[in-house]
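Chemist:
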Amino acid sequence: MAALDAIDRNILRLLRLDARLSNARLASEVGLSPSACLRRIRLMEQAGVIRGYTALVDTSQAETAIAVIINITLERQTEDHLDRFEAAVRKHPEIRECFLMTGGSDYLLRVEVANPGDFERIHKDILSTLPGVLRIHSSFSIRNVLATRSKGQR
């Protein structure tokens with residue numbers, strides 16, 4: 016797929032705000048015919064630009080998962096150390112996201128836990144056993160601002 020143009024970026028912006036927008040409404044918002052808009056969406060899906068669609072769940076009414084953001088610093092930043100760490104992370108579905116970072120830490124991880132005891136288990140059984148870890152710094156989230164938009168807000 017060629018580079019994204021302004022219309023593609025606008026489609027993505029609107030889908031991020033509300034992935035359930037009808038194609039007709041989306042097309043009207045970006046100034047395309049419905050068929051042209053759908054064609055662009057399908058091309059972005061096929062190219063992997065759009066990898067899927069999801070629902071934002073109000074955790075106050077559903078499960079009470081707490082997001083924990085974890086900064087990991089490795090002993091060394093060699094390719095071998097990075098590869099071993101990343102391979103180990105992929106083996107643990109409890110780790111929802113893992114980002115290689117610049118700055119003060121090497122990786123940023125996100126896990127979801129039901130309570131502090133659940134995190135203690137993940138810390139002891141998973142995080143502290145990952146290869147090459149020098150330092151672990153964890154922060155518990157209070158709430159996800161983007162997942163708790165007020166009704167009617169886009």
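First residue of the sequence shown? That's 16 in the working numbering, and the numbers climb one at a time after it. By construction, the Cβ of each residue, glycine as well, lies at the ideal position given by its N, Cα and C atoms. Fair warning: this is a prediction, and the values are worked out from it, not measured in the lab.
1) Count the C-beta pairs between the stretch 81-88 and the stretch 122-137 that are closer than 8 Å, then say yes if the count reaches three, no if not.
2) Using the Cα positions of residue 17 and residue 27, report the straight-line distance between them to the nearest angstrom.
3) Output the distance between the C-alpha atoms of residue 136 and residue 116, rounded to the nearest integer angstrom.
4) Can you tell which of 68, 30, 48 and 130 has the C-alpha that lies nearest to the C-alpha of residue 157?
5) How do the stretch 92-110 and the stretch 49-59 stand: do at least 3 beta-carbon pairs fall below 8 Å, yes or no?
6) Out of curiosity, what's the CA-to-CA distance linking residue 108 and residue 142?
Modeler: Reading off the structure:
1) yes
2) Residue mapping note: residue 17 aligns to position 2 of the sequence shown, counting from 1. Residue mapping note: residue 27 aligns to position 12 of the sequence shown, counting from 1. Near 15 Å, if we compare the C-alpha coordinates of residue 27 and residue 17.
3) Within the sequence shown, numbered from 1, the residue matching residue 136 stands at position 121. Within the sequence shown, numbered from 1, the residue matching residue 116 stands at position 101. In a straight line, the C-alpha of residue 136 is about 25 Å away from that of residue 116.
4) Numbered from its first residue, the sequence shown carries residue 157 at position 142. Measuring from the Cα of residue 157, the nearest candidate turns out to be 130.
5) no
6) Counting from 1 along the sequence shown, the entry for residue 108 is found at position 93. Counting from 1 along the sequence shown, the entry for residue 142 is found at position 127. Their backbone Cα atoms lie some 12 Å apart in a straight line.
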